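Counting in this note's numbering, the sequence shown runs from 399 upward without gaps. Structure first, then comments.
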Amino acid sequence: MSNNGTVARQSRVTVPSPGCLAAIMVPILAVLIATSVLMVMGYRQERANERNKAEALDRTAALARSYARDMVTAPNGFPGQEAVRRIAERHDGRLLSYARSEDSLTTTVRFFGEYEDTSMFGVSHSRAYHCYSIVLLKGAGGVPEARTSPLEKCDVI
399 MSNNGTVARQ SRVTVPSPGC LAAIMVPILA VLIATSVLMV MGYRQERANE RNKAEALDRT
459 AALARSYARD MVTAPNGFPG QEAVRRIAER HDGRLLSYAR SEDSLTTTVR FFGEYEDTSM
519 FGVSHSRAYH CYSIVLLKGA GGVPEARTSP LEKCDVI
């Protein structure tokens, strides 16, 4: 009772039962665990895809070097445009430009490498493209020498 004879209100603090706390916390923890697992899986897939693409781009560089070797060993000095196109196609490339002069031949070829791109929905096959400029110059004794340079931008035709 209070000083003036009325009943005083008391505030009571109630503590939830342990079962109630568990009922609230278990779903929250389950969501946090599932989210973290999905984030880790997504990160690993992304890294694997980047690694696969880098390997495909390395293969394009190997294709460009192989193409340049075939160009150097072509009969009759500098090959014609159709012969160059066939050599490029044999090495998974596409001839973008062909410029021939008295003592040089400059070609731009776009090569591709295939790789697997994985996601949570499955695996798809993708291609990584890279362009190279291959310059053949007549060296000592009239034997062509190749110089291969990667290009920053690739003009797609």
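Glycine included, every Cβ here is placed at the ideal spot set by N, Cα and C. Quantities reported herein were computed from a predicted structural model and do not represent experimental measurements.
Helix, strand or coil: how does DSSP classify residue i here?
| i | result |
| --- | --- |
| residue 536 | strand |
| residue 490 | coil |
| residue 549 | coil |
| residue 445 | helix |
Looking at residue i: is its Cβ nearer than 7 Å to the Cβ of residue j?
| i | j | result |
| --- | --- | --- |
| residue 458 | residue 509 | yes |
| residue 462 | residue 530 | yes |
| residue 536 | residue 490 | no |
| residue 526 | residue 454 | yes |
| residue 507 | residue 496 | no |
| residue 503 | residue 534 | yes |
Whose C-alpha, out of the options, is nearest the C-alpha of residue i?
| i | options | result |
| --- | --- | --- |
| residue 547 | 538, 537, 536, 528 | 528 |
| residue 498 | 521, 480, 447, 427 | 480 |
| residue 446 | 422, 430, 476, 518 | 518 |
| residue 545 | 436, 474, 511, 464 | 464 |
| residue 542 | 524, 551, 474 | 474 |
| residue 520 | 443, 432, 424, 552 | 443 |
| residue 460 | 451, 523, 511 | 511 |
For residue i, which beta-bridge partners are listed by DSSP?
| i | result |
| --- | --- |
| residue 514 | 523 |
| residue 495 | 506 |
Next item on the list: List in chain order: all unbroken alpha helix (DSSP H) runs of 4+ residues lying wholly within the region 405-481.
Entry: Taking only runs of at least 4 residues, the alpha helix (DSSP H) segments lying wholly in the region 405-481 are 416-470.
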